[in-house]
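Student:
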Amino acid sequence: MKVSPVQLAHVAFRRVYVEVDIEHMDPPSPEGFDAHAMFDGVMVKTEVSTTRLDDNDRRGIPYFLTLRVVVDNAPDPDNPDQKFSPYKIDVEVGGGVIVAHGAEHLGNPEDLASVNGTSLLWGAVREQVAGLTSRMVVGTALLPSVHFQDLRKEAQNKALVHDNAAKPKRSRAKKS
Numbered sequence: 132m133k134v135s136p137v138q139l140a141h142v143a144f145r146r147v148y149v150e151v152d153i154e155h156m157d158p159p160s161p162e163g164f165d166a167h168a169m170f171d172g173v174m175v176k177t178e179v180s181t182t183r184l185d186d187n188d189r190r191g192i193p194y195f196l197t198l199r200v201v202v203d204n205a206p207d208p209d210n211p212d213q214k215f216s217p218y219k220i221d222v223e224v225g226g227g228v229i230v231a232h233g234a235e236h237l238g239n240p241e242d243l244a245s246v247n248g249t250s251l252l253w254g255a256v257r258e259q260v261a262g263l264t265s266r267m268v269v270g271t272a273l274l275p276s277v278h279f280q281d282l283r284k285e286a287q288n289k290a291l292v293h294d295n296a297a298k299p300k301r302s303r304a305k306k307s
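The structure is reproduced here in structure tokens:
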């Protein structure tokens, strides 16, 4: 085991909202409740931001991240097989991470902060949702384990190139 070069310095929740969605609540199953399958096929939306802080920190480069996780069960008319969660969820968390000096050999420090820091925040959200729902009528909701590799600048650039290559070329003014 080694200590991670990305450390969570602090975490604070900005919004915590969890509600039983009676419209999409399934009747109890005789086989029992599967907390791990609750979000299979459910649209879980995330919003992420990463900001490098100007603070000098002897430990490394400080960043501030926010993560918002939303399950709103909004109907998608383009998806006839859409699945819904028995819970509506809207949780936003912010946290500071420090990327240790010397971690540049592992990758771009902002990528390390974005990918690993957001994963740390996801764990805090997952724990918060599990704790809140453990006393709710439907039972404990476990958000799935995820990764945030798509937040890497390289991954975003590749996706942008792929998206641009797949789209027909049109000339039109860009909004700024």
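Remember, this note's numbering sits 131 above the position in the sequence shown when you count from 1.
In this text, a Cβ means the ideal position worked out from N, Cα and C, and glycines have one as well.
Go ahead and pull the three-state DSSP assignment for Gly-262.
Tutor: If DSSP states are grouped into helix, strand and coil, Gly-262 belongs with the helices.
Student: Would you decide whether Val-268 is buried or exposed? Buried here means 16 or more other CB atoms lie within 10 Å of its CB.
Tutor: With fewer than 16 Cβ atoms within 10 Å of its Cβ, Val-268 is classed as exposed.
Student: Is the beta carbon of Thr-197 less than 7 angstroms from the beta carbon of Gly-225?
Tutor: For Thr-197 and Gly-225, yes; Cβs fall inside 7 angstroms.
Student: Tell me whether Tyr-148 is buried or exposed, calling it buried when 16 or more other Cβ atoms sit within 10 Å of its Cβ.
Tutor: Tyr-148 comes out exposed.
Student: Please report the residue range of the alpha helix (DSSP H) in which Asp-242 lies.
Tutor: Start and end: 240-243.
Student: Count the other CB atoms within 10 Å of the CB of Ile-72; is the residue buried (16 or more) or exposed (fewer)?
Tutor: For residue 72 there is no data in the structure shown, the boundaries of the chain being 132 and 307.
Student: Output needed for Ser-265: all residues of its chain with C-beta closer than 6 angstroms, excluding positions within five of it in sequence on either side, in chain order.
Tutor: Excluding positions up to five away in sequence, the list reads Thr-271.
Student: Would you identify the three-state DSSP class for Gly-227, choosing helix, strand or coil?
Tutor: Residue state, collapsed to three classes: strand.
Student: Out of Ile-229, Asn-210, Gln-280, Val-222, which one is the CA nearest neighbour of Lys-109?
Tutor: The structure shown does not extend to residue 109, since the chain is modelled only from 132 through 307, so no value can be given for it.
Student: Could you have a look at His-141 and say whether DSSP puts it in helix, strand or coil?
Tutor: Residue state, collapsed to three classes: strand.
Student: Count the other C-beta atoms from every protein chain shown that fall within 10 angstroms of the C-beta of Asp-212, then say buried if there are 16 or more, exposed otherwise.
Tutor: It is exposed - the Cβ of Asp-212 has fewer than 16 other Cβ atoms within 10 Å.
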